[in-house]
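Engineer: Per the numbering used here, the sequence shown starts with residue 5, numbered consecutively. Just so you know, even glycine gets a beta-carbon here, dropped at the ideal spot from N, CA and C. Bear in mind that the values here come from a model prediction, so they are computed numbers and not experimental data.
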Amino acid sequence: MNPSAYSDKIWKLFREPRRHGCFEAEQKPSRGRATTPASHAVLQLELLVAPDGRIDDALFQALGCPYLIATGAWLCAHVTGRRRDAMATLEPRLIAEQLDLPAVKRYCAVMAVEALNQALDDAPTVEAVSAPTAE
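#1: Are there 16 or more other CB atoms within 10 angstroms of the CB of Gln31, so buried, or fewer, so exposed?
#2: Can you give the Cα-Cα distance for Arg23 and Leu79, rounded to whole angstroms?
#3: Where DSSP assigns a beta bridge to Arg97, which residues make up the other side?
#4: Excluding the five sequence neighbours on either side, which residues of its own chain have a C-beta within less than 7 Å of the C-beta of Thr75, listed in chain order?
#5: What does a CB cutoff of less than 6 Å around Leu67 pick up in its chain, not counting 5 residues either side in sequence?
#6: Count the other C-beta atoms from every protein chain shown that fall within 10 angstroms of the C-beta of Glu50, then say buried if there are 16 or more, exposed otherwise.
#7: Mapping DSSP to helix, strand and coil, what is Glu50?
#8: Are Phe18 and Leu63 touching if we call contact CB-CB under 8 Å?
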């Protein structure tokens, strides 16, 4: 039952958030984090990026409203299996449209892109992975 008139998509992603959690430290995930002081919301994103630039998996943790949790779940599903360079151009507008976020909740999409960009920046580049090590 949806007591607060959230859209079905938001409510389902909020109530059954897939890809919620953290990777084991040994997996060496790339991490990104976005916060907003106004609502005290936090979105943390972890990515497993393959040497070829493909995002193998993504997990999130969120502290915030149902819209933020739904946004984190959507983002992880959206980026998994896609190329890193393609996801570097993801814009908040697309997320807001896909989730039909109300204007007052569009900051959730902005936070998602901020966390994604930080995680992508934290991921090793193809050159760094393939560079020979000095002996």
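Structural biologist: Let me lay it out:
#1: As a first step, residue 31 must be located in the sequence shown, where it is residue number 27. By the neighbour-count rule (16 or more Cβ atoms within 10 Å), Gln31 is not buried but exposed.
#2: As a first step, residue 23 must be located in the sequence shown, where it is residue number 19. As a first step, residue 79 must be located in the sequence shown, where it is residue number 75. Arg23 and Leu79: Cα-Cα distance of roughly 10 Å.
#3: Sequence index remark: in the sequence shown, residue 97 carries index 93 (1-based). Beta-bridge partners assigned by DSSP to Arg97: none are found.
#4: Taking the sequence shown and counting its residues from 1, the one referred to as residue 75 is at position 71. A distance below 7 Å between beta-carbons, with the five flanking residues on each side excluded, links Thr75 to the following residues of its chain, in chain order: Ile99, Leu103, Cys112, Ala113 and Ala116.
#5: Reading the sequence shown from its first residue, position 63 is the one you call residue 67. So the list reads Val46, once near-sequence residues are dropped.
#6: Within the sequence shown, numbered from 1, the residue matching residue 50 stands at position 46. Per the 10 Å Cβ criterion, buried.
#7: Counted from its first residue, the sequence shown places residue 50 at position 46. In the three-state scheme derived from DSSP, where H, G and I count as helix and E and B as strand, Glu50 is classed as strand.
#8: Here residue 18 refers to the residue found at position 14 when the sequence shown is read from its first residue. Here residue 63 refers to the residue found at position 59 when the sequence shown is read from its first residue. The beta carbons of Phe18 and Leu63 sit no closer together than 8 Å.
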